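K.L.:
Line by line, the protein sequences give chains A and B.
The first sequence begins at 20 in my numbering and counts up one residue at a time.
The second sequence begins at 20 in my numbering and counts up one residue at a time.
Ideal Cβ placement from N, Cα and C applies to all residues, glycine included.
The model shown is predicted, which means the values in this text are computed figures rather than measured ones.
Please see the structure below; I have some questions.
2 protein chains.
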Amino acid sequence: MATSQPEQSNASTQPRLLVERLRQSLLDGAFASGSRLNEVHLARALAVSRTPLRSALQTLAGEGLLHYVPNRGFTVPEQSLNAIIDAYEMRALAEGLAARLAAERGLSEEVRLRLEAALRAGDHALASSTDERERRGLYAAANEAFHGTIHEAAQSTLVKDVLRICQRVPQTSSHNIVAFDLSDMRERHAAHRRIYEAIICREPREAEQQMRQHVLAVKVSMARWYAQRGAFEQSKLEEPGLTV
Amino acid sequence: MATSQPEQSNASTQPRLLVERLRQSLLDGAFASGSRLNEVHLARALAVSRTPLRSALQTLAGEGLLHYVPNRGFTVPEQSLNAIIDAYEMRALAEGLAARLAAERGLSEEVRLRLEAALRAGDHALASSTDERERRGLYAAANEAFHGTIHEAAQSTLVKDVLRICQRVPQTSSHNIVAFDLSDMRERHAAHRRIYEAIICREPREAEQQMRQHVLAVKVSMARWYAQRGAFEQSKLEEPGLTV
DNA sequence: CAATGACAAAGTGTATACATTTTTGGCTAG
DNA sequence: CTAGCCAAAAATGTATACACTTTGTCATTG
Chain A
20 MATSQPEQSN ASTQPRLLVE RLRQSLLDGA FASGSRLNEV HLARALAVSR TPLRSALQTL
80 AGEGLLHYVP NRGFTVPEQS LNAIIDAYEM RALAEGLAAR LAAERGLSEE VRLRLEAALR
140 AGDHALASST DERERRGLYA AANEAFHGTI HEAAQSTLVK DVLRICQRVP QTSSHNIVAF
200 DLSDMRERHA AHRRIYEAII CREPREAEQQ MRQHVLAVKV SMARWYAQRG AFEQSKLEEP
260 GLTV
Chain B
20 MATSQPEQSN ASTQPRLLVE RLRQSLLDGA FASGSRLNEV HLARALAVSR TPLRSALQTL
80 AGEGLLHYVP NRGFTVPEQS LNAIIDAYEM RALAEGLAAR LAAERGLSEE VRLRLEAALR
140 AGDHALASST DERERRGLYA AANEAFHGTI HEAAQSTLVK DVLRICQRVP QTSSHNIVAF
200 DLSDMRERHA AHRRIYEAII CREPREAEQQ MRQHVLAVKV SMARWYAQRG AFEQSKLEEP
260 GLTV
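Laid out in structure tokens, this is it:
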């Protein structure tokens with residue numbers, strides 16, 4: 020097939036692209052929790068052969084986004100409510116560290132501009148009178164841009180990787196803000212601004228503290244939302260380790 | 020080859036075993052920092068074909084233990100001194116969280132016994148009059164057992180994975196204690212006991228605090244050691260991002 | 001009728017051939 | 001003598017065939 024294909028030579032190779040696509044799908048919850056991924060079917064669906072697909076799956080398993088059992092293939096891990104809470108605790112610490120490092124090391128001009136752009140995008144999302152659905156989309160993008168920029172500003176591959184791992188639980192992904200109502204969003208946005216100021220003023224402790232509280236506040240919103248939704252949508256709510 | 024081999028059917032498959040072996044080698048520094056891993060040579064050296072080897076390499080790349088560039092294969096990432104420091108900061112937070120979770124959730128009988136065994140092993144290592152080299156080995160094992168047991172006790176896959184990532188920097192691996200002298204070891208051991216007590220007494224805050232301080236103390240020992248050693252062994256010590 | 005064992009089907013694991021890309025070494029032109 | 005280019009070699013990427021393992025089904029048996 021490789022010979023018959025025009026091969027656009029995108030500088031990126033198949034496994035790399037597959038990792039991206041699959042990660043996105045997994046975070047969007049496109050695959051049922053606990054389900055097995057059939058290599059043959061999936062390869063056909065993605066129009067690649069098993070080899071590059073397996074490469075991608077192995078990588079994702081390494082990241083913890085998939086679970087691998089030797090002769091039984093790859094499965095989508097089931098997340099318990101406990102795991103989601105833990106993920107937020109971990110994320111709060113890691114994002115806090117990222118903010119602290121950013122404050123310690125300072126922002127390059129380019130990064131500072133991007134951070135400010137993200138804040139303005141948040142302003143815009145909250146000010147716009149568009150429908151609820153669109154506002155949510157806009158704010159999610161601004162939110163993701165804000166956090167992503169700080170992750171970069173920390174200039175630590177390790178911290179960035181840890182944060183990626185923390186967001187492997189779809190419910191903690193920063194572009195997933197279903198749990199927010201409008202007042203929540205306003206509060207989050209104000210927190211973003213406080214964090215930004217602490218970083219700009221080079222106050223590491225303050226930046227870390229603000230960021231931690233911010234993420235923990237998100238945790239509470241999320242937990243509240245799940246408690247409400249879970250109450251009538253899913254009756255299998257039993258400790259310990261209820262799966263959502 | 021699969022057909023000619025007796026195939027001991029160890030319930031574990033080749034890639035799995037390879038991941039273990041390679042991870043160990045990488046953490047032990049068996050491969051030069053920055054070097055490229057040649058798939059053909061490595062496969063021959065490990066007596067497997069390229070396919071399972073690549074599986075293992077992809078997984079390790081997913082963990083961040085290797086760096087992968089599309090048409091250029093796998094390389095051992097170079098660690099800057101900054102990266103090592105960051106790794107300790109992150110590890111301090113993650114281990115602290117693990118200790119807190121362990122204290123919150125309590126220990127099963129079996130885990131508690133293992134933790135106590137690790138402490139006794141530490142006692143033994145410090146009390147024994149064997150030579151310096153053997154003491155170091157014994158203490159490293161006890162240290163690893165202590166921390167590893169707490170990681171399990173936290174009962175969080177995510178926290179465990181984060182900790183594994185933190186230790187991908189060889190210099191932060193808990194079985195790597197080259198930086199300790201005897202008084203260091205005694206101090207670390209005393210800290211272990213305090214952490215153990217906080218967990219047993221179900222005091223999450225205290226456990227987290229003690230663990231954090233403990234890991235940060237290790238960071239200082241390590242940094243001191245590198246500063247001394249680096250002074251005469253490597254002259255390329257230049258900010259920023261000096262590679263060790 | 002339930003339990004069990006054998007067989008078939010499906011799925012994963014591995015080896016290998018070949019395509020594509022990168023690297024290397026030498027050659028020529030300036 | 002150096003710079004740049006071309007071809008050959010080496011290394012990585014992908015497809016595919018086949019081996020092995022698991023799983024599901026059906027018939028046999030207690």
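A:I184 versus chain B: which residues are under 8 Å apart at the beta carbon?
P.N.:
Residues of chain B with a Cβ closer than 8 Å to the Cβ of A:I184 are, in chain order, L177, D180, V181, I184.
K.L.:
Do we get a CB-CB distance below 7 Å when we pair B:P89 with the residues of chain A?
P.N.:
yes
K.L.:
If the criterion is Cβ atoms closer than 7 Å, does the pair A:S74 and A:P34 meet it?
P.N.:
yes
K.L.:
Starting from A:G92, trace the beta strand (DSSP E) both ways and give me its first and last residue.
P.N.:
92-94
K.L.:
Work out the CA separation of A:A66 and A:P25 for me, nearest whole Å.
P.N.:
Summary for A:P25: the model assigns pLDDT 33, below 50, so the residue's position carries little reliability, and this model does not support an answer.
K.L.:
Throw me the rounded Cβ distance for the B:G81 and A:G92 pair, which I believe falls under 8 Å.
P.N.:
Wrong, their Cβ atoms sit about 16 Å apart, outside the cutoff.
K.L.:
Determine, for A:G167, whether the minimum Cβ-Cβ distance to residues of chain B falls below 7 Å.
P.N.:
It does not; no Cβ of chain B falls within 7 Å.
K.L.:
In chain B, which residues lie less than 9 Å from A:R231 when you measure between Cβ atoms?
P.N.:
By Cβ distance, chain B contributes nothing, its closest Cβ being about 10 Å from A:R231, past 9 Å.
K.L.:
Can you tell me where the alpha helix (DSSP H) with B:H166 in it begins and where it stops?
P.N.:
DSSP places B:H166 inside the alpha helix (DSSP H), whose first and last residues are 151-172.
K.L.:
Determine the direct distance from the alpha carbon of A:E123 to that of A:R229, and round the result to whole angstroms.
P.N.:
The sequence shown places Gln at residue 229 of chain A, rather than the Arg named in the question. If you draw a straight line from the Cα of A:Q229 to the Cα of A:E123, it comes to about 15 Å.
K.L.:
How is A:S127 classed by DSSP in three states: helix, strand or coil?
P.N.:
coil
K.L.:
What would DSSP say about B:H86, mapped onto helix, strand or coil?
P.N.:
strand
K.L.:
Using a Cβ-Cβ cut-off of 7 Å, state whether B:A21 counts as contacting chain A.
P.N.:
With a pLDDT of only 35 at B:A21, under 50, the local geometry of the prediction cannot be trusted, and no value is derived from it.
K.L.:
Name the chain B residues whose beta carbon is nearer than 9 Å to that of A:L120?
P.N.:
D105, E108
K.L.:
Check whether the Cβ atoms of B:A118 and B:I214 sit closer than 7 Å, and answer yes or no.
P.N.:
yes
K.L.:
Give a yes or no on whether the minimum CB-CB distance between B:Q190 and chain A is below 7 Å.
P.N.:
no
K.L.:
Going by the CB atoms, is the gap between A:L46 and A:S240 shorter than 7 Å?
P.N.:
Taking 7 Å as the cut-off, the Cβ atoms of A:S240 and A:L46 do not count as close.
K.L.:
Compile a chain-ordered list of the residues in the segment 48-71 of chain A whose CB is closer than 7 Å to at least one CB of chain B.
P.N.:
none
K.L.:
How big is the Cα-Cα spacing for B:W244 and B:I103?
P.N.:
13 Å
K.L.:
Below 7 Å between beta carbons: does that hold for A:G53 and A:E97?
P.N.:
Going by beta carbons, A:G53 and A:E97 fall inside the 7 Å limit.
K.L.:
How is B:Q247 classed by DSSP in three states: helix, strand or coil?
P.N.:
helix
K.L.:
With a cut-off of 7 Å, does the C-beta of A:S28 fall near any C-beta of chain B?
P.N.:
Because the pLDDT of A:S28 is 35, which lies under 50, any placement of that residue in the model is unreliable, and the question is left without a value.
K.L.:
Comparing C-alpha positions only, which one of B:A144, B:R221, B:R139, B:V95 sits nearest to B:N57?
P.N.:
When each option's Cα is compared against that of B:N57, the closest is B:V95.
K.L.:
Mind checking which residues open and close the alpha helix (DSSP H) that includes A:V181?
P.N.:
First-last of the alpha helix (DSSP H) with A:V181: 176-185.
K.L.:
Let me confirm a value: A:Q186 is counted as buried when at least 16 other C-beta atoms fall within 10 Å, else exposed. Which label applies?
P.N.:
buried
K.L.:
Can you find the residues in the same chain that come closer than 7 Å, C-beta to C-beta, to B:S272, ignoring five residues on each side of it along the sequence?
P.N.:
Absent from the model: residue 272 of chain B. The displayed extent of chain B is 20 to 263, so no value can be given.
K.L.:
Spatial neighbours of B:A21 within its chain, please: CB distance less than 8 Å, with the 5 preceding and 5 following residues excluded, ordered by chain position.
P.N.:
Since pLDDT at B:A21 reaches only 35, below the 50 mark, its modelled position is unreliable, and the value read off the structure follows with that caveat. Hits under 8 Å: none found.
K.L.:
Among B:P223, B:E151, B:I196, whose alpha-carbon lies nearest the alpha-carbon of B:A173?
P.N.:
B:P223
K.L.:
Of all Cβ atoms in chain A, is any one closer than 7 Å to the Cβ of B:E82?
P.N.:
yes
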